[in-house]
Amino acid sequence: MVGLSVPFVHPFATSQQLACPDCDALFELPSLEVGEKAICPRCVATLQIHQRNSLHRTAAFAMAAGVLFLVANSFPFLTLRAGFRESEMHLWQSAVGLEEDGSPYLAGAISLFIELAPALLIGGLLYLVLPLLWNRRGPGAITICRAVVWARRWNMVEVFLVGVLVSLLKLGKLASLTVGTSFWAFIALIFCLTAALASIHPRELWARVETAK
Amino acid sequence: MNAFAPRSAAARGLALCDICELVTPVRESHCPRCGGRLHLRQNHSLQRTWALTIAATLLYFPANLLPILRVDSITGDSASTILGGVVQFWQQADYPVAIIIFTASVMIPILKIISLVALCFAARSGNRPRRMTKLYRVTEFIGRWSMVDVFVVAILVAVVQLGSTISIHPGAAALSFAGVVVLTMLAAMSFDPRLIWDAAAHRNATQS
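Read top to bottom, the protein sequences are chains A and B. According to the working numbering, the residues represented by the first sequence are 1 to 213, in order. According to the working numbering, the residues represented by the second sequence are 1 to 208, in order.
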């Protein structure tokens, strides 16, 4: 990594104590080497991981995920051909199609799981991590960090992919179905978003956001 | 309600913020870092988990008995349930797909409901805390994966728009099924695994 110097922030800057989220065992903060993981001795929950280059990796994967998210939403996802008829489906239509069909609640849920939550995750991570590279934070960083924690629970891009594969098999016998650019971008998006989230432990993200100027 | 386990953060009046995981004295009432409400254990954890689990169980019936998909075509209209879809794939010798749908849509929701009930009982009895905590983690992780069938419906409805020849519409089960998944996810989120450890400590204390 050239040019950028990230000052070392202790993972638990304000509190000297750490409690296991699963069994509430109380610990003094451990000092972890890069690549080490702290595990609760009582219930084996992962408490903290000290990743190498966590900020740079998260920033890189989140930027890639952002581009891929735009690509995945700009091109046809699936194309169905039967005889002379052809219908194209864009990613966002999986929700809009249901809305037009008279299922607004399902449509809302699906747009949350595959559009809103991932968009919030990618946008939120970029908003937090890019300034953090210079140990700074933008206005409302704490609120954004809370939104990221929330969006993480409802993001279902990888589950959607399994749904796509099942649909391909289901329709493959009735008509010829081809996947578009958006489909491949979506697969890459799943990889990048998962990698971005796995590159920084939430606890580390919180500590860095808290201590940034 | 059992007393807090000794050597736990709660026994010393320290609360773990459930949003940002900062450890602070609970008398602060709000997390100084993220502003989240502080509590030693999740409020009404077991009541909420029970209520959501029961609601999910009730919805599980329409989700499986009603059609999830309606196909209107010139040759006639047909509707299929989740199990009907599994049987269809099985008869077409698509065994892997049949197994995937059966696991995601039938097995996982049932297993989730059973484990939520088991977790609620474990939070009272304190039996095998380590194993039950593991069960809790699996339950939380696996929850989203039963949404597959709802996504399949969404994709089919969106992609199959071939004019008057054939069209696909979501059945009544689609919403119920999404409801089952969301309710079990919320139930797992409102369950507090630390209650199991409190109960286990109480059990050890009364036995010795």
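For every residue, glycine included, the Cβ atom is placed at its ideal position computed from N, Cα and C. Quick caveat, the model's predicted, so the values are computed rather than measured.
With a 10 Å radius around its C-beta and 16 neighbouring C-beta atoms as the bar for buried, classify Ile74/B as buried or exposed. Burial call: exposed.
Using beta carbons (cut-off 9 Å, strictly below), is Met216/B in contact with chain A? Given a span of 1 to 208 for chain B in the structure shown, any question on residue 216/B remains unanswerable.
Specify, as a first and last residue, the run of the alpha helix (DSSP H) that Gly179/B falls within. Looking at the DSSP string, the run of the alpha helix (DSSP H) that includes Gly179/B is Ala172 to Ser190.
Spatial neighbours of Phe89/B within its chain, please: CB distance less than 6 Å, with the 5 preceding and 5 following residues excluded, ordered by chain position. So the qualifying residues of the chain are Val97 and Ala98.
Complete runs of the beta strand (DSSP E) confined to the stretch 54-134 of chain B [at least 3 residues]: Listed in chain order, they are 69-73 and 76-80.
Cut-off 6 Å between Cβ atoms - residues of its own chain near Ala122/B, not counting five sequence neighbours on either side: The beta carbon of Ala122/B lies closer than 6 Å to those of Met132 and Ile196 in the same chain, with the five residues before and after it left out.
Using a C-beta to C-beta distance shorter than 8 Å, which residues of chain A count as neighbours of Ser150/B? Here residue 150/B turns out to be Val, not Ser, going by the sequence shown. Those within 8 Å of Val150/B in chain A are Leu106, Ala109, Ile110 and Gly163.
With 16 other CB atoms within 10 Å as the buried threshold, where does Arg203/A fall? Arg203/A counts as buried, since at least 16 other C-beta atoms from the protein chains shown sit within 10 angstroms of its C-beta.
Leaving out the 5 sequence neighbours to the left and right, which residues in its chain are closer than 6 Å to Thr206/B when beta-carbon positions are compared? For Thr206/B, where only same-chain residues beyond five positions count, there are no Cβ hits under 6 Å.
Going by C-alpha to C-alpha distance, which of Leu116/B, Cys34/B and Gly13/B sits closest to Leu183/B? Its Cα nearest to that of Leu183/B, the residue Leu116/B stands out among Leu116/B, Cys34/B and Gly13/B.
I'd like to confirm something about Ser73/B: is its beta-carbon nearer than 8 Å to some heavy atom of the ligand ZN, or not? Ligands displayed in this structure: none; no statement on the ligand ZN is therefore possible.
Rounded to whole angstroms, what is the Cα-Cα separation between Cys145/A and Ala93/B? Near 47 Å, if we compare the C-alpha coordinates of Ala93/B and Cys145/A.
So which residues on chain A does Gln161/B lean against when the C-beta distance must stay under 8 Å? Taking the beta carbon of Gln161/B as reference, the chain A residues within 8 Å of it are Ser87 and Gly97, listed in sequence order.
So the alpha helix (DSSP H) Glu210/A belongs to, where does it begin and stop? Per DSSP, the continuous alpha helix (DSSP H) segment holding Glu210/A begins and ends at Pro202 to Thr211.
Give the DSSP bridge partners of Ile39/A, in chain order. Answer is Thr46/A, bridged to Ile39/A.
Just by C-beta distance, which residues in the stretch 17-51 of chain B are closer than 8 Å to chain A? Residues Asp18, Ile19, Cys20, Glu21, Leu22, Val23, Thr24, Pro32, Arg33, Cys34, Gly35 and Gly36.
In whole angstroms, give me the CA-to-CA distance for Ala207/A and Thr24/B. Cα to Cα, the separation comes out at about 14 Å.
Arg178/B: contacting residues in chain A (beta-carbon distance under 7 Å): Reading off the sequence, residue 178/B comes out as Ala, not Arg. Ordered by position in chain A, the residues that pass the 7 Å Cβ test against Ala178/B are Leu106 and Ala109.
If you pair each beta-carbon of the stretch 174-186 of chain A with each one of the stretch 64-77 of chain A, do three or more pairs fall below 8 Å? With contact defined as three or more Cβ pairs closer than 8 Å, the stretch 174-186 of chain A and the stretch 64-77 of chain A are in contact.
Listed by chain order, chain A residues near Ser8/B by CB distance under 7 Å: By Cβ distance, chain A contributes Asp24, Ala25 and Leu26.
Is Thr75/B close to chain A, meaning its C-beta is less than 9 Å from at least one C-beta of that chain? So no, Thr75/B is outside the interface.
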